[in-house]
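Chemist: Shown below is the structure under consideration.
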Amino acid sequence: MTAVPDIEFRAVTKRYGTVTAVSGIDFAVPPSAFVALLGPSGCGKTTCLRMIGGFEQPSEGQVLIRGRDMAGTPPYRRPVNMVFQQYALFPHLDVEENISYGLRQARPRLTSREIASRVGGALETVQLAGYGRRKIHELSGGQQQRVALARALVNKPAVLLLDEPLAALDKKLRTDMQIELQNLQREIGITFVLVTHDQEEALSMSDFVCVMNGGRVVQLGQPSEIYDEPADLFVAAFVGKTNLLSGKVAGLSGDRVDVALADGTVIAARKRVPLGRDEAVSVSLRPESLSLSATGEGRLKGIVRNRIFLGSTAEYAIEVQGIGSLLAKADHVIGQGNLFKPGEPVAIGFAAGAPLAFPRPKNNGTNQREDQHVEILS
Amino acid sequence: MSETGHNPDPDNSTGGEIPAGPEPAFSMRGNLLHRNLLTALLLAPATMWLVVFLVLPFVAIAIFSVGERAPEGGYQAALTFAQYANLPARATAFWNTMVLAPAGALACLLVAYPVAYYLALRAPQRWRLILLALIVIPFWTSLLMRTYAWMYILGGRGIPALLAYVGIEDLRLINTPGAVLLGIVYGYLPLMILPIYVSLERLDRRLLEASADLGATPLSTFIGVTLRLSLPGVMTGFSLVMILLLGEYLIPTLLGGGKVFFIGNALVDLFLQSRNWPFGSAIAITLVLVSVVVLIVANRISTRLSGARRVDLI
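So the sequence lines, in the order shown, correspond to chains A and B.
The opening residue of the first sequence carries number 1 in our numbering; numbering runs sequentially from there.
The opening residue of the second sequence carries number 1001 in our numbering; numbering runs sequentially from there.
Okay, here's the thing in structure tokens:
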């Protein structure tokens, strides 16, 4: 991170009247990275993107693009381009005219040959060669998405901003576009900033994930870091699926704590923040870190309530007396016949490093998902 | 125009607000009567109305226009194009109409666009309805009354009297083309504002952001996106006002004092005073043809400028 960051937020706060959308955000995005701003709706991620684009001005703090403070710089003078939600393509222009729109604004003017060749290149990049003369309303959603991408990239921006670009596409197309966007980012080598509320999308596409909640950055890190070492309870619950078991700190030793669960079972958990004795905590246990066995010595015992067979994996909802329902995910290997049936008793084990203990927020009604121990895939 | 009735375009920007012209009713009559009795019954009153009060008079006027004036006035059967050949005799009225109608519509447009723009894109949401109401409310008073009011405002005891106080003497406002233009702008402004407002109000704001994002200055964005996408509204307002102005009678009479003579005034004169019905009819037919041409041309321009989507003006 010695190079000048492409995007840097310095103590940025944005208020709308009395409502604070973003408060005191600091972060820097290294050059040529694919960054996702991830969070639930209303967390301030779109406001951040719009402040980079210049559509909103920070109430306090600075937004820097390649080391330059952007205060007072209008959107049309910023070296960034945006792919808008629902694309915002110009309905009165055809594909080529849409893509060349930015090039035609350039001063000093570009020659029409230069414009034509760059538009042609952009069309090829997004695999729409031959579609130049089509009208926007003649295109499918996926094609419109590509035009929006080409329209932004053709201007060779320092940073490409993507505002929930895949939200309007169906699942299959979305997966294809995720891969394409990733490849595109590597090819072009500029920074992509993606805003999304879809944690899977954020994890799968980006080099860095910036998790936001309530107008603040909760955690900034690589996808595996975010998933494996969530900074707090919110991140643990929002990113990926997890089981949250409530309990009390029963003993402290180094970076470990012993947590007494509701049914009295004591398990060892890692902690990321200091915890006191008897403090109320939630222990996060990822479904895939649970191992099930019919007989073996599990730390917890339960009864299978539901089984969702997904081919390569199977998910189980397991009722544990005194604790509640847990979600477990097990790999399914052909020939091993390791599927449990609803009603069967199972023993639940997990690796020593798997449980993570977090302090429970004092007030209820925050972003707790304690009532959702089990989320079942549809 | 004839397909308008069959194929209402959901994206048609403002056409929906304006009552359909007579043409759709004609073409609908034949096939729908057979297809759907209920539809036919529902359409019958309007159709009858149009036939009795529009088609028949139009046919009568067309027949009159190739006839001759009876010796003591009125119509005498004949088949001659002498009336049409005589049109240049009323060249002044045609000229005034052909200059002042587009000029009036243009003046209306120049005043209306900023108002519509402010209402649609700048005015605070809660003020919008109130401001729109303020624009429409004058319509509740008859145009005749309001134009009379202008007669007094522009007349000797109005603005000129006030100006005389500050030393500007002998300024004549009433009975000039300027007064007629002013009256036109005043009278027809809402008809211009509303369609433009509708098209601007529907404008997707994100397109403006996209334009700025792509490096367009506010002026380029206005010309390349805002103005361009509101053109259907502009063309609707323009042709609406222009067509009404082609038949305008009241404002030139009251504010032009008979000196600024429109075709409408010529028609009143020919039918009621000199009782030359055939010549009046020939002028009326010519006026209708000119209106249709204006509509078609406006429609073409609008369609081309707003992209592939077909735009119906009326």
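Glycine included, each C-beta is placed from N, C-alpha and C at the ideal position.
In chain order, what residues of the same chain have a beta carbon less than 6 Å from the beta carbon of M459 (chain A), not counting five sequence neighbours either side?
Modeler: With chain A covering only 1 through 378, there is no way to say anything about residue 459 (chain A).
Chemist: For the stretch 60-110 of chain A, which segments carrying the beta strand (DSSP E) assignment without a break, of at least 3 residues, lie completely within its bounds, in sequence order?
Modeler: 60-65, 80-83
Chemist: Among residues of its own chain, excluding the 5 on either side of S291 (chain A), which ones have a beta-carbon nearer than 6 Å to its beta-carbon?
Modeler: Counted from its first residue, the first sequence places residue 291 (chain A) at position 291. The answer, listed in chain order, is G349.
Chemist: Quick check: the Cα distance between I25 (chain A) and G215 (chain A), rounded to an integer number of angstroms?
Modeler: Numbered from its first residue, the first sequence carries residue 25 (chain A) at position 25. Numbered from its first residue, the first sequence carries residue 215 (chain A) at position 215. Rounded to whole angstroms, I25 (chain A) to G215 (chain A) spans 8 Å at the Cα level.
Chemist: Mind checking which residues open and close the beta strand (DSSP E) that includes Y316 (chain A)?
Modeler: Your numbering for residue 316 (chain A) matches position 316 in the first sequence. Per DSSP, Y316 (chain A) belongs to the beta strand (DSSP E) from 313-320.
Chemist: Checking the sheet assignment: what are the DSSP bridge partners for A260 (chain A)?
Modeler: As a working mapping, residue 260 (chain A) is identified with position 260 in the first sequence. DSSP output for A260 (chain A) lists A:K248, A:V266 as bridge partner(s).
Chemist: Helix, strand or coil for P329 (chain A) per DSSP?
Modeler: As a working note, residue 329 (chain A) is residue 329 in the first sequence. Strictly speaking, residue 329 (chain A) in this sequence is Lys, with Pro absent from that position. Looking at K329 (chain A) - three-state DSSP - the assignment turns out to be strand.
Chemist: By Cβ distance, which residues of its chain are closer than 6 Å to L233 (chain A), with the 5 residues on each side in sequence left out?
Modeler: In the first sequence, the residue the question calls residue 233 (chain A) occupies position 233. In the same chain as L233 (chain A), and ignoring 5 residues on each side of it, the C-beta atoms closer than 6 Å to its own belong to S282, F358, in chain order.
Chemist: How would you list, in chain order, the residues of chain B whose beta-carbon sits under 7 Å from the beta-carbon of M82 (chain A)?
Modeler: Here residue 82 (chain A) refers to the residue found at position 82 of the first sequence. Against chain B, the beta carbon of M82 (chain A) has neighbours under 7 Å at D1213, listed in chain order.
Chemist: Alpha carbons only, please: which of A:Q127, A:K45, A:L139, A:L275 is nearest the one belonging to V22 (chain A)?
Modeler: For the purposes of this step, residue 22 (chain A) is taken as residue 22 along the first sequence, with counting starting at 1. Per the Cα distances, A:K45.
Chemist: Give me the residue from B:L1254, B:M1235, B:L1267 with the minimum Cα distance to R1300 (chain B).
Modeler: Reading the second sequence from its first residue, position 300 is the one you call residue 1300 (chain B). Of the listed residues, the one whose Cα sits closest to R1300 (chain B) is B:M1235.
Chemist: For E8 (chain A), collect the residues of the same chain with a Cβ closer than 6 Å to its Cβ; drop the 5 residues on either side in sequence, then sort them by chain order.
Modeler: As a position in the first sequence, residue 8 (chain A) is number 8, starting the count at 1. Correct list, in chain order: A28, L64.
Chemist: Just how far apart, CA to CA, sit P355 (chain A) and P287 (chain A)?
Modeler: The sequence position of residue 355 (chain A) within the first sequence is 355, counting from 1. The sequence position of residue 287 (chain A) within the first sequence is 287, counting from 1. Cα-Cα distance, rounded: 11 Å.
Chemist: Tell me, which residues are paired with D207 (chain A) by DSSP?
Modeler: Locating residue 207 (chain A) in the first sequence gives position 207, counting from the first residue. The partner list for D207 (chain A) (beta bridge, DSSP) is empty, contrary to what the question assumes.
Chemist: List the endpoints of the continuous alpha helix (DSSP H) containing D228 (chain A).
Modeler: Numbered from its first residue, the first sequence carries residue 228 (chain A) at position 228. That run of the alpha helix (DSSP H) goes 223-228.
Chemist: Excluding the five sequence neighbours on either side, which residues of its own chain have a C-beta within less than 8 Å of the C-beta of S1220 (chain B), listed in chain order?
Modeler: Numbered from 1 along the second sequence, position 220 holds the residue referred to as residue 1220 (chain B). Counting only Cβ-Cβ distances below 8 Å, and skipping sequence neighbours, we find S1211.
Chemist: Start and end of the beta strand (DSSP E) containing A28 (chain A)?
Modeler: For the purposes of this step, residue 28 (chain A) is identified with residue 28 of the first sequence, where counting begins at 1. That run of the beta strand (DSSP E) goes 19-29.
Chemist: If contact means a Cβ-Cβ distance below 7 Å, which residues of the stretch 1219-1239 of chain B contact chain A?
Modeler: Residues S1220, V1225, R1228, L1229.
Chemist: Which bits of chain B does F90 (chain A) rub up against, with CB to CB less than 9 Å?
Modeler: The count along the first sequence starts at 1 and reaches residue 90 (chain A) at position 90. Near F90 (chain A) (Cβ distances below 9 Å), the residues of chain B are L1207, A1210, S1211, G1224, V1225, R1228, L1229, G1307.
Chemist: Strictly under 9 Å for the Cβ-Cβ distance: is R151 (chain A) near chain B by that measure?
Modeler: One-based indexing of the first sequence puts residue 151 (chain A) at position 151. It does: the Cβ of R151 (chain A) has a partner Cβ on chain B nearer than 9 Å.
Chemist: Tell me which residues share the same chain as P31 (chain A) and place their Cβ nearer than 6 Å to its Cβ, disregarding the 5 neighbours each side in the sequence.
Modeler: Within the first sequence, the letter at position 31 stands for residue 31 (chain A). Excluding sequence neighbours, P31 (chain A) sits near A3, D6.
Chemist: Tell me the DSSP secondary structure of G120 (chain A) in three-state form.
Modeler: As a working note, residue 120 (chain A) is residue 120 in the first sequence. In this structure, G120 (chain A) counts as helix in the three-state DSSP scheme.
Chemist: Skipping 5 residues on each side, what residues in its chain have a beta carbon closer than 7 Å to that of R1275 (chain B)?
Modeler: In the second sequence, residue 1275 (chain B) corresponds to position 275, counting from 1. So the list reads G1073, G1074, once near-sequence residues are dropped.
Chemist: Around the Cβ of L1245 (chain B), are there at least 16 other Cβ atoms within 10 angstroms (buried) or fewer (exposed)?
Modeler: Numbered from its first residue, the second sequence carries residue 1245 (chain B) at position 245. Looking at its Cβ environment, which holds 16 or more other Cβ atoms inside 10 Å, L1245 (chain B) is buried.
Chemist: At least one CB of chain B closer than 9 Å to the CB of G53 (chain A): is that the case?
Modeler: What you label residue 53 (chain A) is simply residue 53 of the first sequence in a count that begins at 1. Chain B contact via Cβ: present.
Chemist: Closer than 8 Å, Cβ to any Cβ of chain A: which residues of the stretch 1194-1205 of chain B, in chain order?
Modeler: Within the stretch 1194-1205 of chain B, the residues whose Cβ lies closer than 8 Å to some Cβ of chain A are D1204, listed in chain order.
Chemist: Once you ignore the five residues that flank A1025 (chain B) on each side, which residues in its own chain have a CB closer than 8 Å to its CB?
Modeler: Locating residue 1025 (chain B) in the second sequence gives position 25, counting from the first residue. Bear in mind that a pLDDT of 46 at A1025 (chain B), under 50, signals an unreliable position, so the model cannot answer this.
Chemist: Please list the residues of the stretch 94-117 of chain A that have a C-beta atom closer than 7 Å to any C-beta atom in chain B, keeping them in chain order.
Modeler: Y101, G102, Q105, A106
Chemist: Output the boundary residues of the beta strand (DSSP E) element that contains V35 (chain A).
Modeler: Locating residue 35 (chain A) in the first sequence gives position 35, counting from the first residue. Taken as a continuous stretch (DSSP letters only), the beta strand (DSSP E) holding V35 (chain A) covers 34-38.
Chemist: With a threshold of 8 Å (Cβ to nearest heavy atom), would R270 (chain A) be considered close to the ligand PLP?
Modeler: Among the ligands in the structure shown, none appear at all, so the ligand PLP cannot be discussed.
Chemist: Using a Cβ cut-off of 9 Å (strictly closer), state whether A1161 (chain B) contacts chain A.
Modeler: As a first step, residue 1161 (chain B) is located in the second sequence; it is residue number 161 there, counting from the start. Answer no: the Cβ-Cβ gap between A1161 (chain B) and chain A never drops below 9 Å.
Chemist: With respect to the alpha helix (DSSP H) encompassing N1175 (chain B), which residues constitute its N-terminal and C-terminal limits?
Modeler: Along the second sequence, read from residue 1 onward, the residue named residue 1175 (chain B) stands at position 175. Element bounds for N1175 (chain B): n/a, residue is neither H nor E.
Chemist: Could you give the DSSP three-state label for F1262 (chain B): helix, strand or coil?
Modeler: Taking the second sequence and counting its residues from 1, one reaches residue 1262 (chain B) at position 262. DSSP places F1262 (chain B) outside both helix and strand once states are collapsed to three, so it counts as coil.
Chemist: Which residues in the same chain have their Cβ closer than 6 Å to the Cβ of S1281 (chain B), if we skip the five residues on either side of it in sequence?
Modeler: If you number the second sequence from 1, residue 1281 (chain B) lands on position 281. Within the same chain, S1281 (chain B) has close Cβ partners I1061, F1064, S1065.
Chemist: Return helix, strand or coil for D163 (chain A), following the three-state DSSP convention.
Modeler: As a working note, residue 163 (chain A) is residue 163 in the first sequence. It is a strand residue.
Chemist: Quick one: any contact between the stretch 1246-1258 of chain B and the stretch 1179-1189 of chain B, if contact means 3 or more CB pairs under 8 Å?
Modeler: Contact between the stretch 1246-1258 of chain B and the stretch 1179-1189 of chain B is present, because at least three Cβ pairs lie under 8 Å.
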